[in-house]
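Chains as they are written, first to last, in the working numbering: chain X, 1 to 94; chain Z, 101 to 194.
Quick notes on the structure that follows.
2 protein chains.
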Amino acid sequence: MAVLPMWKCDRDSSMFDNKKEADAYDKMLELGEQFSLLLEKVIPQVDEKAAEEFGLVLARNKELVLQACKGRPEAIAEIFKEKESGNVTKLKAS
Amino acid sequence: MAVLPMWKCDRDSSMFDNKKEADAYDKMLELGEQFSLLLEKVIPQVDEKAAEEFGLVLARNKELVLQACKGRPEAIAEIFKEKESGNVTKLKAS
Numbered sequence: 001m002a003v004l005p006m007w008k009c010d011r012d013s014s015m016f017d018n019k020k021e022a023d024a025y026d027k028m029l030e031l032g033e034q035f036s037l038l039l040e041k042v043i044p045q046v047d048e049k050a051a052e053e054f055g056l057v058l059a060r061n062k063e064l065v066l067q068a069c070k071g072r073p074e075a076i077a078e079i080f081k082e083k084e085s086g087n088v089t090k091l092k093a094s
Numbered sequence: 101m102a103v104l105p106m107w108k109c110d111r112d113s114s115m116f117d118n119k120k121e122a123d124a125y126d127k128m129l130e131l132g133e134q135f136s137l138l139l140e141k142v143i144p145q146v147d148e149k150a151a152e153e154f155g156l157v158l159a160r161n162k163e164l165v166l167q168a169c170k171g172r173p174e175a176i177a178e179i180f181k182e183k184e185s186g187n188v189t190k191l192k193a194s
């Protein structure tokens, strides 16, 4: 039987069979972490788990965050809609 | 004596003698508001004033947020540095 290369994201042990996807996922988690750290700096009393979740919401929806910062602030509100409809764009972790 | 056109941002009554600046400031406040609303959606128990401040920190530093979302997550950490050194890039309100 063959042996297949896999890529493990050391932040949360997600496994990928494709390095590009693994890198994108790792970068998304890092972005989420940075947003969470900023939130905890600005609001020290915020709950750590909640801050982590918020960071991930922004990181998973970075395309909408980009649009908002480029002059379409209402793009952020579309994250609500995705969050409410439960299909927050999750990057696939095989 | 002459009368000079001024522009008032109705969100916080800041006055500007230049429409372009007034528009940019208003858009920044709107972006801040959107980020705050998202934060309150994701973390309902967050303090409203603190959420407003956090939204403004992101909005005022949207250039760094853009860089972070475009693949340089550590750009967010530069907001800390600016926040700590107290010179968070405030848009001028005359």
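Backbone N, C-alpha and C define an ideal beta-carbon position, used for all residues, glycine too.
**Message:** Measuring straight from C-alpha to C-alpha, what distance separates residue 196 of chain Z and residue 135 of chain Z?
**Reply:** The requested residue 196 of chain Z is not part of the displayed model; chain Z covers only 101 to 194.
**Request:** With 8 Å as the threshold, decide whether the Cβ of residue 4 of chain X is near any Cβ in chain Z.
**Result:** Here residue 4 of chain X refers to the residue found at position 4 when the first sequence is read from its first residue. Residue 4 of chain X does not count as touching chain Z.
**Message:** Which residues does DSSP list as the beta-bridge partners of residue 108 of chain Z?
**Reply:** Against the second sequence, residue 108 of chain Z aligns to sequence position 8. In the DSSP output, where bridge partners are listed per residue, residue 108 of chain Z has Z:115.
**Asked** Terminal residues of the continuous alpha helix (DSSP H) containing residue 167 of chain Z?
**Response** Sequence index remark: in the second sequence, residue 167 of chain Z carries index 67 (1-based). Residues 162-169.
**Request:** Please look up how many angstroms separate the CB atoms of residue 28 of chain X and residue 60 of chain X, rounded, as I've assumed it's under 8 Å.
**Result:** Looking up residue 28 of chain X in the first sequence gives position 28. Looking up residue 60 of chain X in the first sequence gives position 60. Indeed, because the Cβ distance is near 7 Å, the residues count as touching under 8 Å.
**Request:** Anything in chain Z within Cβ reach of residue 20 of chain X, meaning under 8 Å, just list it in chain order.
**Result:** As a working note, residue 20 of chain X is residue 20 in the first sequence. The contacting residues do not exist; residue 20 of chain X stays about 13 Å from chain Z at best.
**Prompt:** Are there 16 or more other CB atoms within 10 angstroms of the CB of residue 198 of chain Z, so buried, or fewer, so exposed?
**Reply:** Residue 198 of chain Z falls outside the range modelled here, since chain Z spans only 101 to 194, and no answer is possible.
**Prompt:** Expressed to the nearest angstrom, what Euclidean distance is found between the alpha-carbon atoms of residue 31 of chain X and residue 174 of chain Z?
**Reply:** By 1-based counting over the first sequence, the position of residue 31 of chain X is 31. By 1-based counting over the second sequence, the position of residue 174 of chain Z is 74. Their backbone Cα atoms lie some 8 Å apart in a straight line.
**Message:** Helix, strand or coil for residue 176 of chain Z? Go by DSSP, reduced to three states.
**Reply:** By 1-based counting over the second sequence, the position of residue 176 of chain Z is 76. Reduced to three states, the DSSP call for residue 176 of chain Z is helix.
**Item:** chain X within 8 Å of residue 44 of chain Z, Cβ atoms only
**Value:** No information on residue 44 of chain Z is available, as it lies outside the stretch 101 to 194 that chain Z covers here.
**Prompt:** Does the distance from the CB of residue 40 of chain X to the CB of residue 46 of chain X come in under 8 Å?
**Reply:** Translated into positions along the first sequence, residue 40 of chain X becomes position 40. Translated into positions along the first sequence, residue 46 of chain X becomes position 46. For residue 40 of chain X and residue 46 of chain X, yes; Cβs fall inside 8 Å.
**Request:** Take residue 33 of chain X and list the residues in its own chain whose beta-carbon comes closer than 7 Å to its own, dropping the five residues that flank it on each side.
**Result:** Stepping through the first sequence from its first residue, residue 33 of chain X is reached at position 33. Within the same chain, residue 33 of chain X has close Cβ partners 55.
**Prompt:** From residue 88 of chain Z to residue 106 of chain Z, what does the alpha carbon distance come to, in whole angstroms?
**Reply:** Residue 88 of chain Z lies beyond the residue range present for chain Z, which begins at 101 and ends at 194; the question has no answer from this structure.
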